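Residues in the sequence shown are numbered from 927 upward in steps of one, following the working numbering.
Every residue, glycine too, gets a C-beta built ideally from N, C-alpha and C.
Keep in mind it's a predicted model, so treat the numbers as computed, not measured.
The structure appears below as structure tokens.
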Amino acid sequence: MRSLPSIIHLDMDAFFASVEQAAKPSLRGKPVIVGGLGGRGVVSTASYEARRFGVHSAMPMAQARRLCPNAAFLAGRFESYRQVSELVMALLRELSPLVQPLSLDEAFVDLEAGPYGPVLAEAEHGTGERLVLALAEDLRADIERRTGLTASVGLAGSKLMAKIASEQAKPDGLVLIEPGQERAVLGPMPVRALPGVGPATEQVLRRAGLNTVAELAEAGEAELVQLLGKAHGAGVFQMSTGLDDRPVVADQDAKSVSVEDTFEVDLADRDRVLREVETLALRCVRRLRGAGRSGRTVVLKVRRFDFSTLTRSETLRGPTDDETVIVETARRLAAQVDITGGVRLLGVGVAQLADYTQEDLFAQAVREEAQAAAEAVGAEEEPEAAGEEAVVVRRWLPGQDVRHAELGPGWVQGSGVGRVTVRFETPWSGPGRVRTFAIEDPELEPARPLPLREGWPTGEDEE
């Protein structure tokens, strides 16, 4: 364990929603909710103004609309989020070559591996601590100056404690946990505060009367191994005592994204299995989008009552992060599996990952908006004559960047009944005026995101 709190965990505050507020002056200080807008959509991120109404990530969008009906509900603009993320990650790499991104808005940094490493190695404890605090404060100031966004930062001697510290710092704060204070900080926390302790593990521990991290440490390694198995039990015990020697690993390139759950009672009902698969698929999509990736292959993992494990997979025509496509594919795979005797574990993953492309995102957006429109007004009529070409109707998503030939850049506030409403403003202007157009207006076109600071490079300048 380190004697200096030289590991940083940075977490951008309400990242997707904050980017939208920075890009759209009329939304600053107002509740903003970003996510899937279709019937099965879920919240990706809610601004802090929306969180006051009880809205949180992973909540069904229909529930979020009931809790906060006056919020701005926007589809994701992942090209913009990636642009901002790349800028933030570049600032982190100025501090150290060892930067481990966990998602678009979250990363670990090892300061000892950077240009300040030799100074930290030679400094007295108090001097070294003041230096890492100054570096962290400068980092937060640089991020706000360059992007207009805020970040929460944790400093500690391990990745575990740095992550705990950044959670305590939210929003827009900085917390340092002194090496040696790990058990005092962790002790009162619920067991779910530890990485790897999910709902199923929590239930096992709760039945054994273990509800806090301090109780885990007191129970001892042997009891936790008996409850959770050798590897998992030993790992949970080590973390409960504040021990974590995991290194910061630069630029990990995940080959897949997956989630899984173990059930207390084996599942033997087909409908229940399909519901659980759908829930896992939605969680997998959220993790996929959080990492800024899309993927071609959907993978289903099933562990049966006799501990035999099987996998089924289906490769799609192209990379996607579309929740409807991934959910339906996972359900289709699950419907092919024999569940006689019961299922004790289910998992859903996406492999053959790719970075987002503008084409992927626009296709996703069109599918979501088309689904929402179909639910509102019913399916469109089919062409009367066989072979007649269907009329392609332009779809405009709430939050989408657009440009008008005469009025310039703006964003879509909403659309319907053949009309689209656009607010004309830029990240560096004041709140702009609103105009309504026919959805087929030839002077209105989709546009690339503008930078959050005037004069900075934008994707439109790239060849």
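Note that the C-beta distance between Ser1084 and Gly1099 is not below 7 Å. In this structure, Ile959 sits away from Ala988, with a CB-CB distance that is not shorter than 7 Å.
Around the beta carbon of Ala1145, a 10 Å sphere encloses 16 or more other beta carbons of the protein chains shown; the residue is thus reported as buried. With fewer than three CB-CB distances shorter than 8 Å, the region 1062-1070 does not count as touching the region 1363-1383. In its chain, beyond the 5 residues on either side, Ile934, Leu1018, Leu1021, Ser1022 and Val1025 have a beta carbon closer than 6 Å to the beta carbon of Val1035.
Contact between Ala1140 and Glu1190 is ruled out by a C-beta separation of about 25 Å, above the 8 Å threshold. Non-local beta-carbon contacts of Gly1340 in its own chain, meaning distances under 7 Å to residues more than five positions away in sequence, involve Pro1324 and Thr1347 in chain order. Taken through DSSP and simplified to helix, strand or coil, Pro1027 comes out as strand. The alpha carbon of Ala1001 has as its nearest neighbour, out of Tyr974, Leu963, Glu1063 and Pro986, the alpha carbon of Leu963. Going by DSSP, Phe1350 is part of the beta strand (DSSP E) stretching over Arg1345 to Phe1350.
Ser1084 sits in coil when the DSSP states are folded into three classes, being neither helix nor strand. Beta-bridge analysis with DSSP links Pro986 to Val968. A distance of 7 Å or more separates the beta carbons of Leu1226 and Ala1207. Below 8 Å, enough C-beta pairs join the region 1033-1048 and the region 1056-1068 to call them touching: three or more.
The Cβ neighbour count for Ala1095, taken over all protein chains shown within 10 Å, is at least 16; the residue is labelled buried. In summary, Glu1366 is exposed, with fewer than 16 beta-carbon neighbours lying within 10 Å of its beta-carbon over all protein chains present. Inter-residue distance for Glu1369 and Met985 is about 37 Å (C-alpha atoms, whole angstroms). In this structure Leu1102 is buried. Its beta-carbon is surrounded by 16 or more other beta-carbon atoms within 10 angstroms. Going by DSSP, Leu1057 is part of the alpha helix (DSSP H) stretching over His1051 to Thr1073. CA-to-CA, the gap between Phe942 and Leu1081 works out to about 24 Å. By the Cβ-count criterion, Glu1108 is buried, with 16 or more other Cβ atoms from all chains shown falling within 10 Å of its own Cβ.
When C-beta atoms of the region 967-985 are compared with those of the region 1114-1126, fewer than three pairs fall below 8 Å, so the two segments do not count as touching. With a cut-off of 8 Å on Cβ pairs, the region 1263-1276 is in contact with the region 1189-1205, counting three or more such pairs.
Around the Cβ of Ala1148, a 10 Å sphere holds fewer than 16 other Cβ atoms; the residue is exposed.
The DSSP assignment places complete beta strand (DSSP E) segments of no fewer than 3 residues inside the region 1201-1262 at 1219-1230 and 1235-1246, in order along the chain. Secondary structure note for Met1015: its alpha helix (DSSP H) is the uninterrupted segment Phe1004 to Leu1021. Looking at the DSSP output, Thr1362 bridges to Thr1347. Going by beta carbons, Ser929 and Glu1038 fall outside the 7 Å limit. Counting only the Cα atoms, Cys994 lies some 7 Å from Val981.
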